[in-house]
Structure formats: C-alpha cells, structure tokens
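Quick note on our numbering: the sequence shown kicks off at 1136 and runs consecutively.
C-beta atoms are modelled at their ideal positions from N, C-alpha and C, and glycine is treated no differently.
Single-structure report; data block below.
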Amino acid sequence: MGTELSHLCKTSLYRAVFSHDRDESVVFLSADSRDDARARAAAALAAIHRLEVQEVTLSNLASFRELVDIGVSDDEDMRIFELAWKGPQVSAWAEHPLFLINDPSLLGKWAELYSDLAREVALAAIDRARG
1136 MGTELSHLCK
1146 TSLYRAVFSH
1156 DRDESVVFLS
1166 ADSRDDARAR
1176 AAAALAAIHR
1186 LEVQEVTLSN
1196 LASFRELVDI
1206 GVSDDEDMRI
1216 FELAWKGPQV
1226 SAWAEHPLFL
1236 INDPSLLGKW
1246 AELYSDLARE
1256 VALAAIDRAR
1266 G
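Encoded structure:
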C-alpha cells in the first residue's frame, strides 16, 4: 500500500459500467448521491460519445463504500478497481477506466495497481524462464 485515496474519493466516489456498441467502459466520478452520479455520468458520456442522454446505458453503479464492502483486496482502496473474483482472489481489474474526476490520489492509486500487476507478470515470466 502506497497511495491513499483522498477524503473526496472516500466520501463521493462512484463507479459505473458504461455499455455502448458492444464495448464496456468502467467510469469513475464524484457525485453527491447515487441519482446525481447517474445523471452526471450519463451527461458526460453522452457528450463524449455524441449520444442523447437517454441512449447512455449504465450498470453496476456503486459508491466507494459499497465497492470496499464487496471487495477482497488487503488494500481497501484498491477494491474500487476490482471487477470479478474467484473465491478470495481478484480475477479481473478495471483495465482502461475513464476518470470523470480530477483527483490525483485516484490516478495515483490506479497507477500503483498497474505497477503491481506488471511486477507480477514480470516475476511470473522470470520464474517460467528459470523453468
């Protein structure tokens, strides 16, 4: 654990999954409530993708606290990036999230996650090479 998420993230961060043209994107944003998060995400994504707000499909909208509660990582702040699990292990992480929030701690935490994942891949490759 290195980077700690800010108070803003811990009190107002939401994550949703945006589906469009057979693609899915994980979206992070700050909002005052679940309804506010849904409205803000829909408006921003509609503008980005040149859609009508009604055409934006969001799923799995969850608050920071909800994500921490369902996650399994030892580092609770990392749990916001977990997408799937196999037992007590994370089997899928958010790969290319869209950050609709200007919070350096969130970007730092995501960079920390991918640094850790790259390290694991490199160590596994070294182990395989040693045979």
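Output the distance between the C-alpha atoms of residue i and residue j, rounded to the nearest integer angstrom.
i, j, result
"T1192", "A1264", "45 Å"
"T1146", "A1257", "35 Å"
"R1173", "W1245", "22 Å"
"I1215", "E1255", "20 Å"
"D1171", "E1217", "23 Å"
"A1177", "Q1189", "8 Å"
"W1228", "A1260", "20 Å"
"E1247", "L1186", "33 Å"
"N1237", "A1166", "12 Å"
"I1205", "I1183", "30 Å"
Can you pull the DSSP bridge partners for residue i?
i, result
"R1169", "Paired residues: none, contrary to the question."
"E1217", "W1228"
"R1150", "F1163 and A1197"
"H1155", "D1158"
"L1186", "Answer is none; L1186 lacks a bridge partner."
"L1235", "L1164"
Hey, would you say residue i sits closer than 8 Å to residue j, going by beta carbons?
i, j, result
"F1098", "L1196", "Look at the range of the chain in this structure, 1136 to 1266, and you will see that residue 1098 is not part of it."
"V1207", "P1223", "yes"
Helix, strand or coil, according to DSSP, for residue i in the structure here?
i, result
"L1258", "helix"
"L1241", "helix"
"L1140", "coil"
Can residue i be considered in contact with the ligand MG, in the sense that its beta carbon sits closer than 7 Å to one or more heavy atoms?
i, result
"A1177", "Absent from the structure shown: the ligand MG. Ligands present: none."
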